[in-house]
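**Q** Note that full-length UniProt numbering numbers the sequence shown so that position 163 is 163, with each residue one more than the last.
Don't be surprised by glycine CBs; every beta carbon is placed ideally from N, CA and C.
No experiment lies behind these values; they were computed from the predicted model shown.
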Amino acid sequence: MKQYLKNIVEINDNKKSRVFAYCIQALIFISIVSFSFETVPDLKPFTRNVLRAIEIFCVVVFSIEYLLRIYVADHKGKFIFSFYGIIDFLAILPFYLSLGIDLRSLRALRFLRLFRILKLMRYNRAIRHFTKAISMAKEEILLFLIVTLILIYFSAVGIYYFEHEVQPENFSSIFDSLWWAIITLTTVGYGDVYPITAGGKVFTFFILMIGLGIVAIPTGIISSALTKSVDKKETE
1 MKQYLKNIVE INDNKKSRVF AYCIQALIFI SIVSFSFETV PDLKPFTRNV
51 LRAIEIFCVV VFSIEYLLRI YVADHKGKFI FSFYGIIDFL AILPFYLSLG
101 IDLRSLRALR FLRLFRILKL MRYNRAIRHF TKAISMAKEE ILLFLIVTLI
151 LIYFSAVGIY YFEHEVQPEN FSSIFDSLWW AIITLTTVGY GDVYPITAGG
201 KVFTFFILMI GLGIVAIPTG IISSALTKSV DKKETE
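#1: Where does residue 3 fall in DSSP's three states?
#2: Let's test the definition: count the other Cβ atoms within 10 Å of the Cβ of residue 23 and tell me whether it reaches 16, buried, or not, exposed.
#3: Among 204, 196, 35 and 10, which residue has its Cα nearest to the Cα of residue 91?
#4: Using 8 Å for Cβ pairs, my map puts residue 204 next to residue 195. What's the rounded Cβ distance?
#5: Let me know if residue 184 comes out buried or exposed under the rule of 16 or more other beta-carbons within 10 Å of its beta-carbon.
#6: Under DSSP, the alpha helix (DSSP H) around residue 36 begins and ends at which residues?
#7: Given that a residue counts as buried once 16 or more other Cβ atoms are within 10 Å of its Cβ, and exposed if not, what is residue 56?
#8: Mind checking which residues open and close the alpha helix (DSSP H) that includes residue 45?
#9: Just mark residue 160 as buried or exposed, buried being the case when its beta carbon has 16 or more other beta carbons within 10 Å.
#10: Taking all protein chains shown into account, do 16 or more other C-beta atoms lie within 10 angstroms of the C-beta of residue 211, making it buried, or fewer, making it exposed?
#11: Between the stretch 216-225 and the stretch 129-140, do at least 3 Cβ pairs fall closer than 8 Å?
#12: Whole angstroms is fine: what's the gap from residue 74's alpha carbon to residue 179's?
#13: Is residue 172 helix, strand or coil by DSSP?
#14: By how many angstroms is the C-alpha of residue 45 removed from the C-alpha of residue 133?
#15: Hey, quick one: how far does the alpha helix (DSSP H) through residue 157 stretch, first residue to last?
#16: How many Å lie between residue 206 and residue 156 at the Cα?
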């Protein structure tokens with residue numbers, strides 16, 4: 001019986017497994033759409049009741065799926081604390097919290113329902129390749145993040161010394177300057193804070209040039225890892 005359920009619940013190349021996967025994916029989409037409709041103001045009571053019924057049905061199915069995956073897992077503890085195990089748990093957690101807690105006072109917890117979107121990663125081959133690529137390139141990505149944080153701090157310090165005297169309200173401290181550093185290095189440039197001194201403008205030019213590289217580098221790292229992931233899969 002356990003092996004029979006394992007062949008259905010886990011991703012396998014058989015009809016029942018595919019049907020199960022399609023049904024779960026459909027429910028994920030339905031629950032996401034339902035969650036979005038709940039934010040529409042002035043909904044009729046009947047509509048809210050329908051949305052609530054959809055939510056309960058989806059949570060019941062997701063809960064059964066979660067318990068089945070634990071039951072058929074070869075290493076239960078490993079699955080529970082795995083990436084997908086945590087995602088499955090977080091996808092149903094808000095509903096059960098709402099049974100004993102008034103979520104009007106804990107609205108922030110409701111966003112956890114969005115973790116249901118991440119459940120789709122289990123069923124999409126392209127997304128699985130992407131997560132595998134991230135895992136393969138985690139050291140390079142970590143190094144890139146560390147260098148980026150150093151550059152952000154360096155940029156904040158530099159612009160602070162260039163602009164603090166003439167714009168004390170916008171660059172009152174290095175911590176305030178971090179906002180400018182982040183939006184400049186990411187090349188977003190909202191325009192709410194900008195340099196007005198000659199030195200600050202020249203400094204910004206070089207930071208923008210570095211920012212272009214910061215945007216491009218992770219793309220190259222992940223693209224290379226994706227290529228390796230696909231090639232490795234094809235050779236297996």
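**A** Let me spell this out:
#1: For residue 3, the three-state secondary structure derived from DSSP is helix.
#2: By the 10 Å Cβ count, residue 23 comes out exposed.
#3: The residue with the shortest Cα to Cα distance from residue 91 is 35.
#4: At roughly 5 Å, the Cβ-Cβ gap stays under 8 Å, so residue 204 and residue 195 are in contact.
#5: Residue 184 comes out buried.
#6: That run of the alpha helix (DSSP H) goes 15-37.
#7: It is exposed - the Cβ of residue 56 has fewer than 16 other Cβ atoms within 10 Å.
#8: Its alpha helix (DSSP H) spans residues 45-72.
#9: By the neighbour-count criterion, in which a residue is buried when 16 or more other Cβ atoms sit within 10 angstroms of its Cβ, residue 160 is buried.
#10: Residue 211 is buried by the Cβ-count criterion.
#11: Segments in contact, yes.
#12: Taking the straight line joining both Cα atoms gives about 47 Å.
#13: When DSSP states are grouped into helix, strand and coil, residue 172 belongs to the coil group.
#14: Each residue's CA atom was taken as its position, placing residue 133 and residue 45 some 46 Å apart.
#15: Start and end: 138-163.
#16: Cα to Cα, the separation comes out at about 13 Å.
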